[in-house]
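Engineer: Chains as they are written, first to last, in the numbering used here: chain A, 3 to 552; chain B, 8 to 268. Just so it is clear, CB atoms sit at the ideal spot from N, CA and C, and this is done for glycine as well. Computed from a predicted structure; not experimentally measured. I am attaching a structure below and will ask some questions about it afterwards.
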């Protein structure tokens, strides 16, 4: 007869969860590529430590100043900063840090209260929480020095505030997990996140133009901050220093009320998880819709000049682009950045440079920038294939056709983006002179075709799988990034030299002529290279399948 | 003389010091339902990967339907269908889109691809999920789709790596019937499985691989003849398999787990 394990103690379970988190992190570095990530982690660790120490000093000095200058009402701002940090930083970090499936702990014999407490302990072990606790300790230390009588109240407020923040962070995390359980929601979230990051670029120009107008509106909103728990925490301290005990007790009660309220919400959320809430995204069967009968039009090829295999890959690539919210939203990025640069560099805005850049400089510069941004994914063009990569090797297709289809899509995207940006440049800055326009267009052909050839090589040589809707560890291999930058710098330097040769030689058409020759050479080399890549892919088969099908 | 569908000659694959497949001489006749059995790590997947173009052999030769694979890979691939380990699906497509992609890759015209795709989805009971992304399919549904994709071009040899793993009994029954009918029409099926019962029920011929080497090959009758019989009953493939590759955990090892038993 098999025996049954004894009930494990809660402390032991919390210890084991901490151990598990550590092992997950450590084992993540056991393969070679992850070991390279460790170098990055050490760098970011040192940077983070410096940041935390600097902010600790700031909190210590700030608290001391507030107490010595008797401006205790400013404590609310300190707690507001802690609140924002504690709640937002884990969300921003979630995409990059190794994730541990907390819900999976439910398969162990835990009761709900143990699950709740482990959840709270888990929240305490978060990097943001540890940093915030250090900063609160700095505030406490400063209080002990500057106003020892207020230290017990500071300690009580900090403990309450820390508990509240951990509860809120866990609650927020649990809700985000529920919302992001749907693949589509996950992708939209990450795309919006990226868009938000891009939008931050516009804060400076907007602040320059509308800054003064915004200030009164912001001031008008400030009084409403009293409702936040950070204000209750700060006010409780201010009242304690002023010895208004009744008012202080009221503020602490307010803070405690928040803690009870959010604890109840978290308990309810965890109770749902505990009862086996299904977060799976398998869709219910859809109603069967009969496809239209096959018509004569179906028998005709819409792009008959392309082999069916190339068409098949091209169609698949288009569908993948449409469904890759991250890449799809990324197409908005170049025109947005062009707008941004036109505002910053051309003097059409008061915040722009005093000596604005002429269209003859701005146009080639922006086109080079477009190529830099849009061609980058081609350096790891199989990144999203996953196990589908096997299909290319089991079906009767030559790799030249696969690469050709992928390159055709890149060219189509580049063409449409360039066309859109040319119109935007014309509107915002003005068109360049004809010699520069033709030289730039020929340079684009040279650069795009030349880079695609090299990008095909790196795609086959240094493949790296990227997963949809994930941010952690989702990047190209270090080598392909290195090649990308090397190639971009070389192409950029050569192109700049050729462009300036027109000025130096006194012949404005010289760059256009040189670039035309280079474009012809690049085109001439592209197709033989494609054929060579068919054999090369065969040699790299195992590397490719290992990278994508593991 | 029957046509040889699959023939290998001293087929070898090494991974560093490990020889996963060692000088394998294999012959499968056209129209055979061929089962390829072996314990974990014996070299089944390595063999099927080499035979389907997913892995290059270190040495040796292999020909399918008389065509040398190394010299004419595209020609060979036109004739075969594959459900590889991991299924090789593009998970960001819907099932009809994926089947259309595969059909076109095999050179079928659009109309034929659509017609066959609709019929296959109906047969595999996936038609009501035609708008769901493959990423959101269950494992069993993905397996059925992979099988549909492997047969859409009407292959002459079908390679199936663990085709019934994760497929419900109802669908598995229909699939087995489909495969049996395909062999009646002369299609050769090469199947790997961990489950001897499945292989015994479906396959006319079986090969057993152990540590990269073929240790038995032939029809069920031929295999039975090569193994000492047990009095009073017909040997099952499991008996033959255990006899050829050796027993699993012995009594002494089980004694160590007395706390469980």
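Ignore the nearest five residues each way along the sequence and tell me which others in residue 514 (chain A)'s own chain have a CB closer than 7 Å to its CB.
Structural biologist: Excluding residues within five positions, the ones whose Cβ falls inside 7 Å are 437, 440, 441 and 444.
Engineer: Short check: CB of residue 487 (chain A) to CB of residue 427 (chain A), under 8 Å?
Structural biologist: No, the pair does not count as a contact, with Cβ atoms beyond the cut-off.
Engineer: Name the chain B residues whose beta carbon is nearer than 7 Å to that of residue 325 (chain A)?
Structural biologist: Within 7 Å Cβ-Cβ: 99.
Engineer: Please report whether the beta-carbon of residue 392 (chain A) lies at a distance below 8 Å from any beta-carbon of chain B.
Structural biologist: Yes, residue 392 (chain A) counts as interfacial toward chain B.
Engineer: For residue 147 (chain A), does the three-state DSSP call read helix, strand or coil?
Structural biologist: It is helical.
Engineer: Kindly list, in the order they appear in chain A, the residues whose Cβ is closer than 9 Å to that of residue 230 (chain B).
Structural biologist: Near residue 230 (chain B) there are no residues of chain A at all, since even the closest Cβ is about 30 Å away, more than 9 Å.
Engineer: Are there 16 or more other CB atoms within 10 angstroms of the CB of residue 32 (chain B), so buried, or fewer, so exposed?
Structural biologist: It counts as exposed.
Engineer: Taking the straight line between their C-alpha atoms, what separation do you get for residue 57 (chain A) and residue 235 (chain A)?
Structural biologist: When rounded, the distance between both Cα atoms is 20 Å.
Engineer: Which word fits residue 192 (chain B), buried or exposed, when buried means at least 16 other C-beta atoms lie within 10 angstroms of its C-beta?
Structural biologist: Exposed, because fewer than 16 other Cβ atoms sit within 10 Å of the Cβ of residue 192 (chain B).
Engineer: How big is the Cα-Cα spacing for residue 224 (chain A) and residue 107 (chain A)?
Structural biologist: Looking at the two C-alpha atoms, the distance is approximately 42 Å.
Engineer: Is residue 128 (chain A) buried or exposed, if buried means 16 or more other CB atoms sit within 10 Å of its CB?
Structural biologist: Answer is buried; the Cβ neighbour count reaches 16.
Engineer: For the ligand SAM, is there any heavy atom lying closer than 7 Å to the beta carbon of residue 433 (chain A)?
Structural biologist: The ligand SAM is not among the ligands present in this structure, which contains no ligands whatsoever.
Engineer: Quick one, which residues of the region 54-66 of chain B are near chain A if we go by CB-CB under 7 Å, in chain order?
Structural biologist: Those residues of the region 54-66 of chain B that come within reach of chain A (Cβ to Cβ, closer than 7 Å) are 59, 60, 61, 62 and 63.
Engineer: Check whether the Cβ of residue 104 (chain B) lies closer than 8 Å to any Cβ atom in chain A.
Structural biologist: Output row for residue 104 (chain B): interface = yes.
Engineer: Does the pairing of the region 55-72 of chain B with the region 86-95 of chain B give three or more beta-carbon distances under 8 Å?
Structural biologist: In short, these stretches touch, since the Cβ pair count reaches three.
Engineer: Using a Cβ cut-off of 8 Å (strictly closer), state whether residue 554 (chain A) contacts chain B.
Structural biologist: Nothing can be reported for residue 554 (chain A): it is not among the residues displayed for chain A, which extend from 3 to 552.
Engineer: Does any C-beta atom of chain A lie closer than 8 Å to the C-beta of residue 151 (chain B)?
Structural biologist: Closer than 8 Å: no.
Engineer: Anything in chain A within Cβ reach of residue 84 (chain B), meaning under 7 Å, just list it in chain order.
Structural biologist: Simply 396, 397 and 398.
Engineer: With contact counted as at least three CB pairs below 8 Å, one residue from each stretch, are the region 241-258 of chain A and the region 156-164 of chain A in contact?
Structural biologist: With the cut-off at 8 Å, the region 241-258 of chain A and the region 156-164 of chain A touch.
Engineer: Starting from residue 89 (chain B), find everything on chain A with Cβ-Cβ shorter than 7 Å and list it in chain order.
Structural biologist: Simply 396.
Engineer: What first and last residue would you give for the beta strand (DSSP E) that runs through residue 65 (chain B)?
Structural biologist: Note, residue 65 (chain B): premise wrong, no beta strand (DSSP E); not H, not E.
Engineer: Taking C-beta pairs closer than 8 Å, name the residues in chain B that residue 321 (chain A) reaches, listed in chain order.
Structural biologist: Correct list: 99, 100 and 104.
Engineer: May I ask which residues mark the beginning and end of the beta strand (DSSP E) holding residue 151 (chain B)?
Structural biologist: It is not in any beta strand (DSSP E) - residue 151 (chain B) instead sits in the alpha helix (DSSP H) that spans 146-158.
Engineer: Going by DSSP, which residues form a beta bridge with residue 5 (chain B)?
Structural biologist: As shown, chain B starts at 8 and ends at 268. That puts residue 5 (chain B) outside it, with no answer to give.
Engineer: What residues from chain A crowd round residue 270 (chain B), counting only those whose CB sits closer than 8 Å?
Structural biologist: Because chain B here runs from 8 to 268, residue 270 (chain B) falls outside it and cannot be looked at.
Engineer: Taking any Cβ of chain A, which residues in the region 162-192 of chain B have a Cβ under 7 Å from it, in chain order?
Structural biologist: Residues: none.
Engineer: Is there a Cβ of chain B sitting closer than 8 Å to that of residue 189 (chain A), yes or no?
Structural biologist: Taking Cβ atoms only, chain B never reaches closer than 8 Å to residue 189 (chain A), which makes this a no.
Engineer: For residue 187 (chain B), which of B:200, B:165 and B:169 has the nearest alpha-carbon?
Structural biologist: It is B:165 whose Cα lies nearest to the Cα of residue 187 (chain B).
Engineer: State yes or no: is the beta carbon of residue 314 (chain A) nearer than 8 Å to at least one beta carbon in chain B?
Structural biologist: So, interface residue.
Engineer: In terms of residues, what are the limits of the beta strand (DSSP E) holding residue 235 (chain A)?
Structural biologist: No beta strand (DSSP E) holds residue 235 (chain A); the alpha helix (DSSP H) holding it covers 231-243.
Engineer: Determine, using beta carbons only, whether residue 134 (chain A) and residue 87 (chain A) come nearer to each other than 8 Å.
Structural biologist: In this structure, residue 87 (chain A) lies closer than 8 Å to residue 134 (chain A) by Cβ.
Engineer: Please list, in chain order, the chain B residues whose beta carbon lies closer than 8 Å to that of residue 544 (chain A).
Structural biologist: In chain order: 62 and 63.
Engineer: Tell me residue 42 (chain B)'s beta-bridge partners as DSSP assigns them.
Structural biologist: Its beta-bridge partners are B:198 and B:213.
Engineer: From which residue to which residue does the beta strand (DSSP E) around residue 431 (chain A) run?
Structural biologist: Per DSSP, residue 431 (chain A) belongs to no beta strand (DSSP E) and is neither H nor E.
Engineer: Looking at residue 467 (chain A) and residue 315 (chain A), is the spacing between their C-beta atoms short of 8 Å?
Structural biologist: Cβ atoms of residue 315 (chain A) and residue 467 (chain A): not closer than 8 Å.
Engineer: Is there a C-beta anywhere in chain B that falls below 8 Å from the one on residue 547 (chain A)?
Structural biologist: Yes, residue 547 (chain A) lies at the interface with chain B (some Cβ there is under 8 Å from its Cβ).
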